[in-house]
Structure formats: structure tokens, C-alpha cells
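Shown next, in C-alpha cells, is the structure this report addresses.
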Amino acid sequence: MAKKGVILCVCQGSCPSFHQMNIFEVLNALRREKLVDFVAIHPQLCADDGDKFFNIFLSGVDGEVEKLVIAGCDPNMQKKMFRDAFESTGFDRAKHIGVDIRNMTTEQAIEAIKKVL
Ligand code: SF4
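Each residue of the sequence shown is one higher than the last, beginning at 2 in the working numbering.
Here is the structure:
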């Protein structure tokens, strides 16, 4: 069965935009309600090792993943930053849904992500 999951990306944890929320609780809330099949936190997906992460994580899984929500910065920025990585792994970028959760509280971030699941 096709799976959907959420990756939180948090600008290394040092950006104040992510300091009003408990990033672990955001993911725990989604897990508790069984809204997703997998969750992860990455410190900086737009860095070079973010590309490597996508290469390892997404290679060959296109048929298995129905929706990949990345919660972090602006969705349009995400589209540009991740385009090459998705292309090189063969992952259909239409399955990527970006959600901007910057400057949100834990509850606001949970609601923003739920809207796209
Ligand atoms: S992808 Fe976005 S949220 Fe993640 S580190 Fe880069 S700018 Fe920050």
C-alpha cells in the first residue's frame, strides 16, 4: 500500500522561526492519530548532505510513496531546492507537498500539516 510521510526540516535548529514549537511533539501528534506511515526530522535538507539523504531515502521508492510532506520553509523555495534531488532519484516531484511552518506554535504546525495530509 502506498505510504505517506512527513519530514520536518528545521534550519539546523538554530533559526528562531522554529523555536516556538516542539518539533518532536509535532510529529508525535501525527503519529498518535495514525495520520502518517513515517516521520523524520532533518536539520538541513537544502545542504549538500540533504541531497545525499534524498538519494538514499528516495531511490527506488517512487511507487511506494504516495505523498511526501516536507514541513519547514516556503513551499516554492522547497520546490526549487529539491528539484534536482527528486529528479536524480526518479521520485515524482508532484508527490512532494511543502508546508511552511515557520514561526508557528506546536498546535499551529500540527494543523498546517494536517491540512495537506
Ligand atoms: S530546506 Fe528550508 S527549512 Fe530546511 S534548512 Fe533549508 S531553508 Fe531551512
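Even for Gly, the Cβ is constructed at its ideal location relative to N, Cα and C.
Computed from a predicted structure; not experimentally measured.
Beta-carbon contacts of residue i that lie in its chain and below 7 Å, excluding the five residues immediately before and after
i, result
"ASP101", "CYS74, ASP75, PRO76"
"THR107", "MET22, ASN23, GLU26, VAL27"
Of the listed residues the options, nearest to residue i (C-alpha basis)
i, options, result
"ASP85", "GLU34, HIS20, ASP52", "ASP52"
"GLU124", "PHE39, GLN79, ASP50, LEU46", "This structure cannot settle anything about residue 124, because the visible part of the chain is limited to 2 through 118."
"GLU112", "LEU36, PRO17, SER15", "LEU36"
"VAL117", "SER60, LEU31, ASP50, MET78", "LEU31"
Nonlocal neighbours in the same chain, by C-beta distance under 6 Å from residue i, ignoring five residues either side
i, result
"PHE58", "none"
"PHE19", "VAL11"
"LEU46", "CYS10"
"GLY99", "ILE71, PRO76, GLN79"
Status (buried if at least 16 other CB within 10 Å, exposed otherwise) for residue i
i, result
"GLN13", "exposed"
"MET105", "buried"
"VAL82", "Per the sequence shown, the amino acid found at residue 82 is Met instead of Val. Buried."
"ALA110", "buried"
Close-in-space but distant-in-sequence residues of the same chain around residue i (CB under 8 Å, 5 per side omitted)
i, result
"ASN56", "ALA86, SER89, THR90"
"VAL62", "PHE92"
Reduced DSSP category for residue i - H, G, I as helix; E, B as strand; rest coil
i, result
"PHE92", "coil"
"GLU65", "coil"
"VAL11", "coil"
"ASP75", "coil"
"ASP101", "strand"
For residue j and residue i, believed in contact at Cβ under 8 Å, the rounded distance
i, j, result
"HIS97", "ILE71", "6 Å"
"LYS5", "GLU65", "Not a contact, Cβ separation roughly 10 Å."
"ILE42", "LEU69", "So it is not a contact: roughly 14 Å between Cβ atoms."
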